[in-house]
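**Student:**
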Amino acid sequence: MSSPGVFSSHPSSMTNFAVSDEELPAFTDMPFEDIEELPLEHPGATDMEYRKRRDYIASLAKKFRETGVITDVDYNEDEQNVWRYVANELEELHQKHASPFYLKAKKDLGMSNDRIPQLSEMTKRLKETTGFRLAPIEGLVDTRAFLSWLSWRTMLSTQYIRHHSRPGYTPEPDIVHEAMGHIPMFTNPNFADYSQFIGHGARIATDKQIEELGRLYWFTVEFGLVEHEGDIKAYGAGLLSSFGELKNAFSDNVVRKPFNLEEVINTDYDYSDMQPLLFVIPSYAELKEQTRRYIESFGK
Ligand SMILES: [Fe+2]
7 MSSPGVFSSH PSSMTNFAVS DEELPAFTDM PFEDIEELPL EHPGATDMEY RKRRDYIASL
67 AKKFRETGVI TDVDYNEDEQ NVWRYVANEL EELHQKHASP FYLKAKKDLG MSNDRIPQLS
127 EMTKRLKETT GFRLAPIEGL VDTRAFLSWL SWRTMLSTQY IRHHSRPGYT PEPDIVHEAM
187 GHIPMFTNPN FADYSQFIGH GARIATDKQI EELGRLYWFT VEFGLVEHEG DIKAYGAGLL
247 SSFGELKNAF SDNVVRKPFN LEEVINTDYD YSDMQPLLFV IPSYAELKEQ TRRYIESFGK
């Protein structure tokens, strides 16, 4: 799928300033993969009731792209139970392994283990703290388009939830992955700026550089580890939203290496299996500065 023309313009500079609503590109131009096609390995693929519900929640995102207003989802009891199950399963592991920043951010965002948070509440809090915002999406967009939105301090986020038959697993992003994994970290100013720099890069990257940015995103935003007072903690969404991945990350099955940007952008990964290799950043500020220098080299 090609990315929309709106993303091809050169970002004015490597700034990390707030982006006003008026400066945002139109959400209506966003192309999507056909989300009504659920692959057979999706646990909800043959559950017609689930598919109807997922399509309905996706339609709310479609509505957002026309109106710019986030519709809250009236999650049913089955859906709330999926959230409660995952949140409670993860609680102990989070206390042990999650970055202290993340734990605090969850509280600051008013998240609880008892109920699925609404994107409207979280985007309001994010805007107040780091000027980041959330935009509901109905399915997958290509890497360049997805990352480019970060340039406008905007994270595209799904609202539907995984199938209740396998609450510990999802083959696609869902509200558990977004809210439990991604969203709290955007309250960190350095992490928010870092994400915006990736977005700036994505708008001007060559195809090879987009691949590199995809790897950088993978080994940080999705599977990143960070040093904290002589210890190692998790801040990546793929770790924080998955019991299996988080446990694995701190086991002997994983090689944990100091973050090296050059190595990260040249390291392939396999998204279908547990991660055997993870990178540890010294701090969010250092990650931001190294990335700034890397993106500034684009086009030179
Ligand atoms: Fe993710």
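301 is the number that the numbering used here gives to position 295 of the sequence shown; each next residue is one higher, with no gaps.
Even glycine gets a Cβ: it sits at the ideal position worked out from N, Cα and C.
Small disclaimer: the values here were computed from a predicted structure and weren't measured.
Could you give the first and the last residue of the continuous alpha helix (DSSP H) run that contains Met161?
**Tutor:** Locating residue 161 in the sequence shown gives position 155, where the first residue counts as 1. Counting along the chain, Met161 falls outside any alpha helix (DSSP H), though it belongs to the beta strand (DSSP E) covering Thr160 to Ser163.
**Student:** Is the beta carbon of Leu153 closer than 8 Å to that of Gly205?
**Tutor:** Along the sequence shown, one-based indexing puts residue 205 at 199. Along the sequence shown, one-based indexing puts residue 153 at 147. Yes; because the gap between Cβ atoms is below 8 Å, this pair is in contact.
**Student:** Helix, strand or coil, according to DSSP, for Glu233 in the structure here?
**Tutor:** Locating residue 233 in the sequence shown gives position 227, where the first residue counts as 1. Residue state, collapsed to three classes: strand.
**Student:** So for Leu115, helix, strand or coil by DSSP?
**Tutor:** In the sequence shown, the residue the question calls residue 115 occupies position 109. Here Leu115 sits in coil by DSSP.
**Student:** Please classify Glu295: does DSSP put it in a helix, a strand, or coil?
**Tutor:** The residue labelled residue 295 in the question sits at position 289 within the sequence shown. Here Glu295 sits in helix by DSSP.
**Student:** Is it the case that the Cβ atoms of Leu284 and Ala104 are separated by a distance below 8 Å?
**Tutor:** For the purposes of this step, residue 284 is taken as the residue at position 278 of the sequence shown. For the purposes of this step, residue 104 is taken as the residue at position 98 of the sequence shown. Cβ distance not < 8 Å, so Leu284 and Ala104 don't count as in contact.
**Student:** Going along the chain, which residues of its own chain have a beta-carbon closer than 6 Å to the beta-carbon of Tyr275, five neighbours each way excluded?
**Tutor:** Position 269 of the sequence shown, counted from the first residue, corresponds to residue 275. So the qualifying residues of the chain are Trp224.
**Student:** Counting only the same chain and skipping the five closest in sequence on each side, list residues whose C-beta sits under 6 Å from that of Leu296.
**Tutor:** For this step, residue 296 is matched to residue 290 along the sequence shown. Residue 296 is actually Gln in this sequence, not Leu. Contacts found: Leu267.
**Student:** Can you give the Cα-Cα distance for Asp80 and Leu293, rounded to whole angstroms?
**Tutor:** For the purposes of this step, residue 80 is taken as residue 74 along the sequence shown, with counting starting at 1. For the purposes of this step, residue 293 is taken as residue 287 along the sequence shown, with counting starting at 1. Approximately 38 Å, taken between the alpha carbons.
**Student:** Starting from the Cα of Ala243, find the closest Cα among Glu228, Phe256 and Glu98 and give me that residue.
**Tutor:** The residue given as residue 243 occupies position 237 in the sequence shown. Checking every option, the nearest Cα to that of Ala243 belongs to Glu228.
**Student:** Taking all protein chains shown into account, do 16 or more other C-beta atoms lie within 10 angstroms of the C-beta of Ala208, making it buried, or fewer, making it exposed?
**Tutor:** Taking the first residue of the sequence shown as 1, we reach residue 208 at position 202. Per the 10 Å Cβ criterion, buried.
**Student:** With a threshold of 7 Å (Cβ to nearest heavy atom), would Ala243 be considered close to ligand 1?
**Tutor:** Within the sequence shown, residue 243 is the residue found at index 237, counting from 1. Ala243: yes, Cβ under 7 Å from ligand 1.
**Student:** Look at Leu99 and Phe203 and say whether their C-beta atoms are less than 8 Å apart.
**Tutor:** On the sequence shown, residue 99 is found 93 positions in, with the first residue counted as 1. On the sequence shown, residue 203 is found 197 positions in, with the first residue counted as 1. Not in contact: Leu99 and Phe203 (Cβ atoms no closer than 8 Å).
**Student:** Report the residue ranges of all alpha helix (DSSP H) runs contained in full by the segment 39-120; include only those spanning at least 4 residues, in chain order.
**Tutor:** Counting only runs of 4 or more, we get 54-73, 83-103 and 106-114.
**Student:** Would DSSP call Pro123 helix, strand or coil?
**Tutor:** Within the sequence shown, numbered from 1, the residue matching residue 123 stands at position 117. Residue state, collapsed to three classes: coil.
**Student:** Whole angstroms are fine: how far does the CA of Asp61 sit from the CA of Lys69?
**Tutor:** The sequence position of residue 69 within the sequence shown is 63, counting from 1. The sequence position of residue 61 within the sequence shown is 55, counting from 1. Taking the straight line from one Cα to the other gives about 12 Å.
**Student:** Would you mind working out which of Ala211, Asp279, Ser65 and Arg150 sits nearest Tyr175, comparing C-alpha positions?
**Tutor:** Here residue 175 is taken as the residue at index 169 of the sequence shown, counted from 1. Nearest C-alpha to Tyr175: Asp279.
**Student:** Would you kindly work out how many angstroms separate the C-alpha atoms of Leu156 and Phe23, rounded to a whole number?
**Tutor:** To locate residue 156, count along the sequence shown from 1; it is residue 150. To locate residue 23, count along the sequence shown from 1; it is residue 17. Whole-angstrom Cα-Cα distance: 12 Å.
**Student:** Beta carbon of Glu233, beta carbon of Pro288: below 8 Å?
**Tutor:** In the sequence shown, residue 233 corresponds to position 227, counting from 1. In the sequence shown, residue 288 corresponds to position 282, counting from 1. Yes, they are a contact pair.
**Student:** Only counting runs of 3 or more residues, tell me where the beta strand (DSSP E) segments fall wholly within the segment 203-266, in order along the chain.
**Tutor:** Taking only runs of at least 3 residues, the beta strand (DSSP E) segments lying wholly in the segment 203-266 are 231-234, 237-240 and 261-264.
**Student:** Since Leu283 is in the beta strand (DSSP E), which residue starts that stretch and which ends it?
**Tutor:** Indexing the sequence shown from 1 puts residue 283 at position 277. Unbroken beta strand (DSSP E) run through Leu283: Leu283 to Ile287.
**Student:** Given this structure, state the Cα-to-Cα distance separating His170 from Tyr56, to the nearest angstrom.
**Tutor:** Numbered from 1 along the sequence shown, position 164 holds the residue referred to as residue 170. Numbered from 1 along the sequence shown, position 50 holds the residue referred to as residue 56. So the two alpha carbons sit approximately 9 Å from each other.
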